[in-house]
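Residue numbers (the numbering used here): 2 to 225. Don't be surprised by glycine CBs; every beta carbon is placed ideally from N, CA and C. Predicted model only: the values in this text are computed from it and were never measured. Have a look at the structure below, then the notes.
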Ligand SMILES: C[S@@+](CC[C@H](N)C(=O)[O-])C[C@H]1O[C@@H](n2cnc3c(N)ncnc32)[C@H](O)[C@@H]1O
């Protein structure tokens, strides 16, 4: 069985659209359309780039945009199915004229099968929806099947960084990755997983969490 075919028809439960797009949001979608990747073009991206960062659920794009601005020699692929945040992100991509970003405006699980093996250096998943109710746990992005699917596409020693402020999800994420022995949890001190890694920028959800006196955790898993 092809490991990439594990997530064939994912059911997406989050929001696809919010309020009517602002005028600038509508213009950004119109003029930023070239930043959208098409399924059939995905494999072409990997021919010429060495360090590829995949950010899943980029939200308003604070981390994606700031990272792409400072690392112009890296290629960023951002995925988020929520149109309003995609529009916000495109406004910034156009404003800064960034040439090292592609956007997949949909569920990441639909395109993982097109990623070649050993192609991605880093995956970032910052504050994924926690789906806290037990009956909704299957809606969480991080599942055994998801980890099995991303494993082959990550380069040797490549990393997956996951931030969350939700206690239940913290346990869930740790348990899922620690059960998957081919990943190692990177902890250098007893406290470093409570601090945002140097290569991540503050996002809207991190700020929200700090304002509401919750404690974000940052888990970095390395492919052995
Ligand atoms: C709670 S928000 C966090 C946004 C941002 N990372 C931040 O920290 O502010 C979670 C985001 O993940 C996106 N998302 C949820 N499921 C996804 C999936 N399967 N593929 C890509 N993005 C997804 C949602 O649309 C939403 O924008």
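Short Cβ contact (7 Å threshold) for residue i with residue j
{"i": "residue 112", "j": "residue 43", "result": "yes"}
{"i": "residue 186", "j": "residue 222", "result": "yes"}
{"i": "residue 92", "j": "residue 29", "result": "yes"}
{"i": "residue 52", "j": "residue 120", "result": "no"}
{"i": "residue 108", "j": "residue 11", "result": "yes"}
Selection from the options that minimises the alpha carbon distance to residue i
{"i": "residue 225", "options": "45, 135, 190 and 159", "result": "159"}
{"i": "residue 167", "options": "127, 121, 146 and 157", "result": "127"}
{"i": "residue 18", "options": "64, 146 and 106", "result": "106"}
{"i": "residue 118", "options": "200, 40 and 156", "result": "156"}
{"i": "residue 194", "options": "183, 219 and 209", "result": "219"}
{"i": "residue 206", "options": "196, 199, 217 and 200", "result": "217"}
{"i": "residue 63", "options": "16, 114, 88 and 196", "result": "88"}
{"i": "residue 21", "options": "85, 14 and 152", "result": "85"}
Counterpart residues of residue i in DSSP-defined beta bridges
{"i": "residue 188", "result": "DSSP output for residue 188 lists no bridge partner at all."}
{"i": "residue 46", "result": "Note: residue 46 sits in no beta bridge, so no partner."}
Proximity test, residue i beta-carbon vs ligand 1 heavy atom, cut-off 6 Å
{"i": "residue 87", "result": "no"}
{"i": "residue 204", "result": "yes"}
{"i": "residue 15", "result": "yes"}
{"i": "residue 116", "result": "no"}
{"i": "residue 168", "result": "no"}
Three-state class that DSSP yields for residue i in the structure shown
{"i": "residue 4", "result": "Per-residue confidence for residue 4 stands at a pLDDT of 48, beneath the threshold of 50, marking its modelled position as unreliable; no derived number is given."}
{"i": "residue 202", "result": "coil"}
{"i": "residue 105", "result": "strand"}
{"i": "residue 169", "result": "helix"}
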